[in-house]
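Report on one structure; see the data block that follows.
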Amino acid sequence: MQRIPDYEVLSMAYPSRAVTLVTDGRDVYLASLANDPPAIRNLRLLLALGESLADGSKDGMHQYFSTQAGALAPEVLQALRAAGMTTEAQAIEQGMAAFGSSYPTDDRKRDGFLAQSFLRIQEGIAPDFDKPPTATDNLLRRIGTPLADKTGYMAGVVDYMRRDPQRAALMEQAREHLTNEQRLGYLEGCLLQGSPSGFGDEATIRKGIEAMPQALRTVLVMAVFSGELFNGGMHQFFSNSSGAWAPYVVQAMRDIGMPQAATTVEKGMAMFPHPYPISTDDRRRLAFHHEWNSWDDELDGLTGDVDGQDFEAAVAVYAAARGILPR
7 MQRIPDYEVL
17 SMAYPSRAVT
27 LVTDGRDVYL
37 ASLANDPPAI
47 RNLRLLLALG
57 ESLADGSKDG
67 MHQYFSTQAG
77 ALAPEVLQAL
87 RAAGMTTEAQ
97 AIEQGMAAFG
107 SSYPTDDRKR
117 DGFLAQSFLR
127 IQEGIAPDFD
137 KPPTATDNLL
147 RRIGTPLADK
157 TGYMAGVVDY
167 MRRDPQRAAL
177 MEQAREHLTN
187 EQRLGYLEGC
197 LLQGSPSGFG
207 DEATIRKGIE
217 AMPQALRTVL
227 VMAVFSGELF
237 NGGMHQFFSN
247 SSGAWAPYVV
257 QAMRDIGMPQ
267 AATTVEKGMA
277 MFPHPYPIST
287 DDRRRLAFHH
297 EWNSWDDELD
307 GLTGDVDGQD
317 FEAAVAVYAA
327 ARGILPR
């Protein structure tokens, strides 16, 4: 966790922004790359493809071409060739050929070849996986084996950047210019992947979370709290397994210099039977096995006391001061 992998550095410093394809479309996306130097434009396109890949995927090229990301296939193919990633380029080329002699970059036209796609989800048309797949669906699932190795793909992208001195310098500059918030985001991701469980009895839960060094525990529980708060407010935080860590969230908030937020979480804890039920099963049995009522309204109402506070910035300052942000 102390050194951020090169591919992750590139993803943070030069985000693909491919998510905007869903709302803005292909032309707007490509226009947003117009001012990038060719090497960075290629890099963003390579990163955009990487976001559609997963190690060990059994879906071949179907996942890529059945989403808006496939609108960039011609440009991605050029980027792969420029990067010398011949095997991956051949997989994309085969996928494009599955649509006939003229590849449809338009999502609606591409959707016409597929029974199972997400290309019209913005129109409220979800894929029907009960429909039999088309010949194109089946072909796309059979090809693309080289791209089922995301780890190898990421190594290829990094190698492309390292091969040229100017590109290599850009990569090192990118590492040096990462913000503390970006470094924190990587650390949070690592901690969440190996996170102890909020399920089990109280002793098991406490043993798991208390085995972590305190500074890392503070980062972890604040990341979990912030995610639950954003997704569903204080009610969701306490009703999910995250609520098992409420006492540690209180301490973490004080550690990062946000005592008023800590008091709000304590108010939520005080609404449960005493002593506060660490066990998620106990907490749900004692407090959540009923129809939503005024008690739930009151618990959920605490959200307004902490919503909008910049926990991420406070945690970044805390983590930087303790030297735990990866480089």
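Just remember that the working numbering sits 6 ahead of the position in the sequence shown, which is counted from 1.
Don't be surprised by glycine CBs; every beta carbon is placed ideally from N, CA and C.
message: Please return the same chain residues whose Cβ sits closer than 7 Å to the Cβ of residue 186, not counting the five positions on each side in sequence.
response: On the sequence shown, residue 186 is found 180 positions in, with the first residue counted as 1. Here the set comprises 322, 326, 331.
query: In terms of alpha-carbon separation, which member of 198, 206, 265, 215 lies closest to residue 233?
result: Here the question's residue 233 lines up with position 227 in the sequence shown. Answer by Cα proximity: 198.
message: If you measure between the beta carbons of residue 142 and residue 32, is that distance less than 8 Å?
response: Along the sequence shown, read from residue 1 onward, the residue named residue 142 stands at position 136. Along the sequence shown, read from residue 1 onward, the residue named residue 32 stands at position 26. No. Outside cutoff.
- prompt: To the nearest whole angstrom, what separates the beta carbons of residue 54 and residue 82, a pair I think is in contact under 8 Å?
  reply: Position 48 of the sequence shown, counted from the start, is the residue given in the question as residue 54. Position 76 of the sequence shown, counted from the start, is the residue given in the question as residue 82. Confirmed, about 7 Å.
message: Mapping the DSSP letters down to three states, classify residue 241 as helix, strand or coil.
response: For the purposes of this step, residue 241 is taken as the residue at position 235 of the sequence shown. The answer is helix: DSSP assigns residue 241 an H, G or I state.
query: Hey, is the stretch 283-303 in contact with the stretch 205-214, meaning 3+ C-beta pairs nearer than 8 Å?
result: yes
message: Using the three-state DSSP reduction, which class does residue 198 fall into: helix, strand or coil?
response: Taking the first residue of the sequence shown as 1, we reach residue 198 at position 192. If DSSP states are grouped into helix, strand and coil, residue 198 belongs with the helices.
message: List, from N- to C-terminal side, the alpha helix (DSSP H) runs of 4 residues or more that fit wholly inside the stretch 205-274.
response: Taken in chain order, the unbroken stretches of alpha helix (DSSP H) that lie wholly in the stretch 205-274 and span 4 residues or more are 208-216, 220-245, 252-261.
Whole-angstrom C-beta distance between residue 97 and residue 150, which should lie under 8 Å: As a working mapping, residue 150 is identified with position 144 in the sequence shown. As a working mapping, residue 97 is identified with position 91 in the sequence shown. Correct: roughly 5 Å between the Cβ atoms.
- prompt: What are the boundary residues of the alpha helix (DSSP H) that residue 126 is part of?
  reply: For the purposes of this step, residue 126 is identified with residue 120 of the sequence shown, where counting begins at 1. Residue 126 -> no alpha helix (DSSP H), and no H or E assigned at all.
task: Starting from residue 34, follow the alpha helix (DSSP H) in both directions and report where the run begins and ends.
output: Residue mapping note: residue 34 aligns to position 28 of the sequence shown, counting from 1. Here the alpha helix (DSSP H) through residue 34 covers 32-38.
field: 4-residue-minimum alpha helix (DSSP H) runs that sit fully inside the stretch 266-317, ordered along the chain
entry: 286-293, 300-307, 309-312
query: Mapping DSSP to helix, strand and coil, what is residue 97?
result: Translated into the one-based positions of the sequence shown, residue 97 becomes position 91. Looking at residue 97 - three-state DSSP - the assignment turns out to be helix.
task: Would you identify the three-state DSSP class for residue 172, choosing helix, strand or coil?
output: The sequence position of residue 172 within the sequence shown is 166, counting from 1. Residue 172: helix per DSSP, three-state reduction.
query: When you compare only the Cα positions, how much space is there between residue 93 and residue 116?
result: As a position in the sequence shown, residue 93 is number 87, starting the count at 1. As a position in the sequence shown, residue 116 is number 110, starting the count at 1. About 24 Å.
query: Going by alpha carbons, who is nearest to residue 324 out of 299, 259, 303, 267?
result: As a working note, residue 324 is residue 318 in the sequence shown. For residue 324, the closest alpha carbon among the candidates 299, 259, 303, 267 is that of 259.
- request: Using a Cβ cut-off of 8 Å (strictly closer), state whether residue 201 contacts chain B.
  value: Although the question refers to chain B, the structure presented lacks it and comprises just one protein chain.
message: Does residue 42 come out as helix, strand or coil in the three-state DSSP assignment?
response: As a first step, residue 42 must be located in the sequence shown, where it is residue number 36. Residue state for residue 42 is assigned as coil, using DSSP reduced to three classes.
message: Our contact map puts residue 240 next to residue 274 with C-beta atoms below 8 Å; I'd like the distance itself, whole angstroms only.
response: Working through the sequence shown from its first residue, we reach residue 240 at position 234. Working through the sequence shown from its first residue, we reach residue 274 at position 268. Confirmed, Cβ separation roughly 6 Å.
query: At what residues does the alpha helix (DSSP H) containing residue 71 begin and finish?
result: If you number the sequence shown from 1, residue 71 lands on position 65. Note, residue 71: alpha helix (DSSP H), 68-71.
task: Can you have a look at residue 12 and say buried or exposed, based on whether 16 or more other CB atoms are within 10 angstroms of its CB?
output: Taking the first residue of the sequence shown as position 1, residue 12 is located at position 6. By the 10 Å Cβ count, residue 12 comes out buried.
task: For residue 133, name the three-state secondary structure that DSSP assigns.
output: As a first step, residue 133 is located in the sequence shown; it is residue number 127 there, counting from the start. Of the three classes helix, strand and coil, the one that applies to residue 133 here is coil, per DSSP.
query: Between residue 271 and residue 292, what straight-line distance do the alpha-carbon atoms span, to the nearest angstrom?
result: As a position in the sequence shown, residue 271 is number 265, starting the count at 1. As a position in the sequence shown, residue 292 is number 286, starting the count at 1. Cα-Cα distance, rounded: 18 Å.
- prompt: residue 183 and residue 75: beta carbons closer than 8 Å?
  reply: Along the sequence shown, one-based indexing puts residue 183 at 177. Along the sequence shown, one-based indexing puts residue 75 at 69. The answer is no: Cβ separation not under 8 Å.
field: Continuous alpha helix (DSSP H) stretch holding residue 57: start and end
entry: For the purposes of this step, residue 57 is identified with residue 51 of the sequence shown, where counting begins at 1. No alpha helix (DSSP H) contains residue 57, which DSSP labels as neither H nor E.
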